[in-house]
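Working notes for the structure below.
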Ligand code: HDD
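Numbering (full-length UniProt numbering), first residue to last: 42 to 790.
Below is the structure:
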């Protein structure tokens, strides 16, 4: 440890210069050399990323770094200045009339610094306030010009830079990552035909059918206005009161109470454009389209008890996971798939494709893979990029158009409107993270914080004084699909919107037994937080229309009699095209990458067998896993032979819930220490209860025995290994690939 301080400041040697007569001349600041980086790189992830991103990127791959480069600021080796670039002599003391005298009003340096600080916060997003961003690229698999003129799909292998922001919906900016919630999945494509934003979620349906109800929905789910509680949770009266009076939410509630609402990682969840969109080709021909993102690592979730504990141990769990994976060069990857269908096909469906509470089952219209998206660079600055990025459901490019989904119609209005207030005026499109990579030319002028300096006297069209420029693009520009009008003006909904339950039932019935159990558990938990019994009853009466089994299970969990089923709005029975959709279960997408990026804790103490530690560390790391040695404390420990080694983290600062699998190595002395450490036993009990792979090598078994857990017979993820067995790493890795063994849960909860 002491060695580690060599060359660093152990005290502030200049401090004495701030006092008495020595204060006459300010001290010179100290400078540390910048760490070595690859040529042209400005972040660690860029330095790691070879030729893919940043200044080192091949032309076209990272075009959005160009506008960002203009705005990047690096103070290394420079004098400190005011915002007017006047060099600052002394950044420690305000200007005073005498050393013990009053501070002076004319100290413009102090005043500038405080004034700026006083205004450093901006309003948070009204929903999706907490988010995490990443840069990357989209690569098209093939030429889709027969379907769409949209720039990213015009040739196989075409690269389009992207920025993503993942988010929770209900919580405030500083809330926890692992709340039960929908996740935002918003992607900005910086195309060579302007910006296209696909502002989606990790669930393919929504709570409501019409944007008229959006403010009501959000008011109901946000903390209750009289006391500001609860934070980042739908488990309260107003949310369940509202949704139980809006049976159109039944389908979305199934998704929100499922494991999809507590993803293991942003890197392991799907994304959906939700609405039906249109693709339009160069001949003006259009098809309907639904967008799907599927993660290469597969779809995986937490269990509720684990999510609750993680939120205390690391509220930044998902943000950290995304950041660390990209910094480590494990670039998250998703495949884009589209479902394409004609208007005539859509008319024949038992549901309305303009209804955002409905999916188009994959078994009815298959998903066509069209490209992949890779995130390979972390933002340089959270505020400038992740906070100031402004997505908008109305940002489409030629080749992509809207359907008449009435929820989408409201979104087309809402995004820019909210951003004008959040970002302080109409010019936020000029912020580097929002600026397109192709230049924008129009006659819009002025407004708060204008950065472009428009030259010349012409800011109108038609004009002759500027040769008619900028001129209209005609057919080369965005041409709205010529959709015929639908009928008289009316406030109402189409007939098929009245059916609220068939797809909720499809979702529930398509889940594995463990997933179904989790849905019932989630309803039970959420409704147990509801204080008004009539609201609980109304929800359960709604559930009777989804599944008798589910309603009975939830009623039992709440200690209430099963109420009669809620009257249905649609009384004519609907015959769904698909009765079971295996694709709706998370288990249908296990992922391709073995144990890559899984976090494994190896519990160690003084006396651990070095050979076990090395075998596990090297064997698992070689397969791409992230292995951390957890000791009773961080820092130096001694192995069984007295040699020194370091723990990466402690049983206190990185509890077992933060890991995908846990192992205890051999060494009698270490096993005795850990078996007596209540934290180690708690972590192992949690790991078992949450269905995780557990491995005990040699004497490590004593620690398992000390937990007092009676395991299931033949539990495939509970492993014991002899001290010198050759296949330990392989057995453990095979168990980790399986992720969880949920069969343990009923006995443990
Ligand atoms: Fe929305 C933000 C996704 C319905 C109004 N929405 C927002 C974000 C995502 C979504 C991912 C965060 C973007 C970011 O990271 O900055 N919203 C959806 C989806 C919806 C949806 C998938 C249904 C299919 N939203 C929806 C409706 C309205 C809004 C019906 C209003 C009529 N959404 C907003 C908003 C937000 C927003 C108030 C808050 C912050 C922002 O836009 O920039 O305008």
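Every residue, glycine too, gets a C-beta built ideally from N, C-alpha and C.
This one's a predicted model, so the numbers in the text were calculated from it and none came from an experiment.
- Per DSSP, reduced to three states, the secondary structure at residue 653 is helical.
- The residues 644, 646, 705, 721, 744, in chain order, have a CB closer than 7 angstroms to that of residue 715 in the same chain once the five nearest residues on each side in sequence are set aside.
- Within the stretch 565-589, the runs of alpha helix (DSSP H) at least 4 residues long that lie entirely inside it are, in chain order, 574-584.
- In the structure shown, the three-state DSSP call for residue 310 is coil.
- For residue 672, the secondary structure class from DSSP, reduced to helix, strand or coil, is strand.
- Sequence-distant Cβ neighbours of residue 501 in its own chain, meaning closer than 8 angstroms and more than five residues away, are 484.
- For residue 730, the enclosing alpha helix (DSSP H) covers residues 719-730.
- A contact between stretches requires three or more CB pairs, one per stretch, nearer than 8 angstroms, and the stretch 473-482 meets this requirement with the stretch 105-121.
- Distances from the alpha-carbon of residue 488 to those of 498, 468, 146, 342 put 468 closest.
- When Cβ pairs closer than 8 angstroms are counted between the two stretches, the stretch 574-592 is seen to touch the stretch 281-292, the count reaching three or more.
- In chain order, 667, 700, 701 place their CB closer than 6 angstroms to the CB of residue 640, counting only its own chain and leaving out the 5 sequence neighbours on each side.
- When DSSP states are grouped into helix, strand and coil, residue 380 belongs to the strand group.
- Straight through space, the alpha carbons of residue 447 and residue 537 are spaced by roughly 14 angstroms.
- For residue 687, the three-state secondary structure derived from DSSP is strand.
- The C-alpha of residue 219 is placed about 7 angstroms away from the C-alpha of residue 349.
- Counting C-beta pairs closer than 8 angstroms gives three or more between the stretch 510-530 and the stretch 436-444, which meets the contact rule.
- Residue state for residue 304 is assigned as strand, using DSSP reduced to three classes.
- If you ignore the 5 residues before and after residue 650, its C-beta comes within less than 6 angstroms of the C-beta of 681, 706, 707, 708, all in its own chain and listed in chain order.
- Rounded to whole angstroms, the gap between the alpha carbons of residue 325 and residue 521 is 9 angstroms.
- Remark: the shortest separation between the CB of residue 434 and any heavy atom of the ligand HDD falls under 8 angstroms.
- With contacts defined by Cβ atoms closer than 9 angstroms, residue 413 and residue 376 form a contacting pair.
- If the five residues before and after residue 620 are omitted, its C-beta is found closer than 8 angstroms to the C-beta atoms of 547, 550, all from its own chain and listed in chain order.
- If you check the C-beta of residue 227 against the ligand HDD, you find a heavy atom less than 8 angstroms away.
- Inter-segment contact for the stretch 559-568 and the stretch 299-313 is present: three or more beta-carbon pairs are separated by less than 8 angstroms.
- Per the DSSP secondary-structure output, residue 374 pairs in a beta bridge with 415.
- Across the structure, residue 113 and residue 703 are spaced so that their CA atoms are roughly 42 angstroms apart.
- DSSP places residue 156 in the uninterrupted alpha helix (DSSP H) bounded by 149-159.
- At a cut-off of 8 angstroms, the beta-carbon of residue 315 counts as near the ligand HDD: some heavy atom of the ligand is closer than that.
- Here residue 433 is buried, its C-beta having at least 16 other C-beta atoms within 10 Å.
- Remark: C-beta atoms of residue 723 and residue 697 approach each other more closely than 9 angstroms.
- The residue from 750, 226, 354, 774 with its alpha-carbon nearest to that of residue 692 is 354.
- DSSP links residue 236 through a beta bridge to 231.
- The stretch 449-467 makes no contact with the stretch 320-339; the number of CB pairs closer than 8 angstroms stays below 3.
- Within the model, the alpha-carbon separation for residue 261 versus residue 387 is close to 33 angstroms.
- Of the heavy atoms belonging to the ligand HDD, none sits nearer than 8 angstroms to the Cβ of residue 401.
- Here DSSP, grouped into helix, strand and coil, assigns residue 202 to strand.
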